[in-house]
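K.L.:
Under our numbering, the first residue of the sequence shown is numbered 176, with each subsequent residue one higher.
Glycine included, every Cβ here is placed at the ideal spot set by N, Cα and C.
Take a look at the following structure, please.
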Amino acid sequence: MSIILGIDPGSRLTGYGVIKKSGRNFIYLGSGCIKAIAAGNELAPRLQTIAGVSELILQFQPDMFAIEQVFMGVNPGGALKLGQARGAAIVAATNTGLSIAEYSARQIKQAVVGTGAADKAQVQHMVKTILKLPGTPQADAADALAVALCHAHSHDSLSKMSGQVSKTVRRRLR
Numbered sequence: 176m177s178i179i180l181g182i183d184p185g186s187r188l189t190g191y192g193v194i195k196k197s198g199r200n201f202i203y204l205g206s207g208c209i210k211a212i213a214a215g216n217e218l219a220p221r222l223q224t225i226a227g228v229s230e231l232i233l234q235f236q237p238d239m240f241a242i243e244q245v246f247m248g249v250n251p252g253g254a255l256k257l258g259q260a261r262g263a264a265i266v267a268a269t270n271t272g273l274s275i276a277e278y279s280a281r282q283i284k285q286a287v288v289g290t291g292a293a294d295k296a297q298v299q300h301m302v303k304t305i306l307k308l309p310g311t312p313q314a315d316a317a318d319a320l321a322v323a324l325c326h327a328h329s330h331d332s333l334s335k336m337s338g339q340v341s342k343t344v345r346r347r348l349r
């Protein structure tokens, strides 16, 4: 059983989603957005607000932390701010001893929807369906839950692969 905190970083709105993986089942624990807009237009106070991820870590006590990678679009300034927001969240996680897993938007969409070209509405729908939520989560929160689900799937695959490798190595050593 693992608790996974997923983060969809943004310099103004950072989504978070927390799930528990128990066997093959996923249990929704919480989600929402950290609103750095309230901190004003200056970047430093917004980053400090985003570093509030540490409060989520204290509240939910996750075993794993996963975050979306920066997508380099047409706006380099926006990408830089997004990278700084990611950095604030990552520092908050590493300060509590959590290791960091990073996934591209394409990997996340592929894991949750089945296609890396899925749109936000498709991600929201699949997150709602997989987690059996009564309503559709806000887009940034749904993206963060998708990050957590992606990590759960990836972690399972890696665990199975490492188990297979270990069995193969043990057989060869005999």
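1. Start and end of the alpha helix (DSSP H) containing residue 228?
2. Give a yes or no on contact between the stretch 263–277 and the stretch 306–313, applying the rule of three or more CB pairs nearer than 8 Å.
3. Taking 7 Å as the threshold (C-beta atoms), are residue 192 and residue 316 in contact?
4. So, at 8 Å on beta carbons, what are the nonlocal neighbours of residue 256 in its own chain, with the 5 sequence-adjacent residues on each side left out?
5. Using CA coordinates, which residue listed in 238, 183 and 237 is at the minimum distance from residue 321?
6. Which runs of the alpha helix (DSSP H) spanning at least 4 residues fall entirely within the stretch 274–310, listed in chain order?
7. In three-state DSSP terms, what is residue 344?
8. Secondary structure at residue 206, three-state DSSP: helix, strand or coil?
9. Select from 240, 197 and 252 the residue whose C-alpha is nearest the C-alpha of residue 179.
10. Measure from the alpha carbon of residue 210 to the alpha carbon of each residue in 188, 259 and 243, then state which is nearest.
11. Among 199, 194, 200 and 201, which has the Cα closest to the Cα of residue 207?
P.N.:
Based on what the coordinates show:
1. 228–235
2. no
3. With a cutoff of 7 Å on beta-carbon distance, residue 316 and residue 192 are scored as near each other.
4. 186 and 218
5. 183
6. 280–287 and 295–305
7. Confidence at residue 344 is low in this model, with a pLDDT of 38, below 50, so the placement of that residue is unreliable and no value is reported for it.
8. When secondary structure is reduced to three states using DSSP, residue 206 falls in the strand class.
9. 240
10. 188
11. For the options 199, 194, 200 and 201, the alpha carbon positioned closest to that of residue 207 is the one of 194.
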